[in-house]
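Notes follow the structure.
Residue numbers (the numbering used here): 14 to 94.
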């Protein structure tokens, strides 16, 4: 089964390179994207940060803002800044 929270958690481990995993930012982005598609608002927030700041992806502030807006609409208060 596709568990968005588990996928989001695994993405974070890849991003940080912890829990015995080598740091792999492209894999983390792929997993966060999957979790976001499954409805995880934290994944949307993380993807928004990456795009807004150009961390591991080409900087795209508008795309980052769209992810933050989606996360905020889904009920993630920190995304509402």
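Glycine included, every Cβ here is placed at the ideal spot set by N, Cα and C.
Taking just the CA atoms, how far does residue j sit from residue i?
i, j, result
"residue 81", "residue 48", "15 Å"
"residue 51", "residue 20", "10 Å"
"residue 71", "residue 92", "21 Å"
Quick one: using the 10 Å Cβ neighbour count with 16 as the cut-off for buried, is residue i buried or exposed?
i, result
"residue 63", "buried"
"residue 56", "buried"
"residue 61", "buried"
By the DSSP assignment, the alpha helix (DSSP H) with residue i in it spans what residues?
i, result
"residue 18", "17 to 29"
"residue 40", "38 to 50"
"residue 63", "54 to 66"
Closer than 7 Å by C-beta to residue i: which residues in its own chain qualify, once you throw out the five before and the five after it? Chain order, please.
i, result
"residue 59", "45"
Using a Cβ-Cβ cut-off of 6 Å (strictly less than) and excluding sequence neighbours within five positions of residue i, which residues of its own chain qualify?
i, result
"residue 26", "32 and 34"
At least 3 beta-carbon pairs within less than 8 Å: the segment 72 to 89 vs the segment 36 to 44: no
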